[in-house]
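Novice: First, the structure itself, so that you have it in front of you.
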Amino acid sequence: MKAFYRQRKKRHGTAATGGIAKSKSSKSTKTPSVGSLDIKDGFSEEEEALRQFDMNMAYGPCLGITRMARWERAQRLGLDPPKEIQYLLKGGNVKVECLLDGCV
Numbered sequence: 004m005k006a007f008y009r010q011r012k013k014r015h016g017t018a019a020t021g022g023i024a025k026s027k028s029s030k031s032t033k034t035p036s037v038g039s040l041d042i043k044d045g046f047s048e049e050e051e052a053l054r055q056f057d058m059n060m061a062y063g064p065c066l067g068i069t070r071m072a073r074w075e076r077a078q079r080l081g082l083d084p085p086k087e088i089q090y091l092l093k094g095g096n097v098k099v100e101c102l103l104d105g106c107v
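In our numbering, the protein residues as written are 4 to 107.
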């Protein structure tokens, strides 16, 4: 039965037991991870709202379709997309393609 269960290593960490002693550091050296990008940098509140709409999968996929067409499709399907997004898109001062357009 002993061969069936995985053996656990001792947590002593001294040279006498064959382990490697780790020094405890008081400094925290936290580096930012590569995958943590802040998509809010340098964008207006309107563009940020549109980006949140793009990333919300409740309104269906956003690839291969303009933001306005996606909003209209969600409205037709009864998904109740935010009216604020419609006003922003009809205003004309925003990018019509979704956030991921050209990236995938």
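All C-beta atoms in this analysis are idealised placements derived from N, C-alpha and C, irrespective of residue type, glycine included.
All of these numbers come straight from a predicted model, not from anything done at the bench.
Using CA coordinates, which residue listed in R11, L66 and L91 is at the minimum distance from S47?
Specialist: Here residue 47 corresponds to residue number 44 of the sequence shown, with the count starting at 1. Ranking R11, L66 and L91 by Cα distance to S47 puts L91 first.
Novice: Does the beta-carbon of R14 have 16 or more other beta-carbons within 10 angstroms, so that it is buried, or is it exposed?
Specialist: In the sequence shown, residue 14 corresponds to position 11, counting from 1. When all chains shown are included, R14 counts as exposed.
Novice: Look at the alpha carbon of A72 and the alpha carbon of D104, and state the distance between them as a whole number of angstroms.
Specialist: Along the sequence shown, read from residue 1 onward, the residue named residue 72 stands at position 69. Along the sequence shown, read from residue 1 onward, the residue named residue 104 stands at position 101. Each residue's Cα considered, the two are about 14 Å apart.
Novice: Indicate the three-state DSSP secondary structure (helix, strand or coil) for I88 in the structure shown.
Specialist: By 1-based counting over the sequence shown, the position of residue 88 is 85. If DSSP states are grouped into helix, strand and coil, I88 belongs with the helices.
Novice: Cα separation between Q110 and D57?
Specialist: Given that the chain is displayed from residue 4 to residue 107, the structure contains no residue 110 and the question cannot be resolved.
Novice: Runs of 3 residues minimum, wholly inside the stretch 51-87: which ones carry the beta strand (DSSP E) assignment?
Specialist: As far as the stretch 51-87 is concerned, it has no whole beta strand (DSSP E) run of at least 3 residues.
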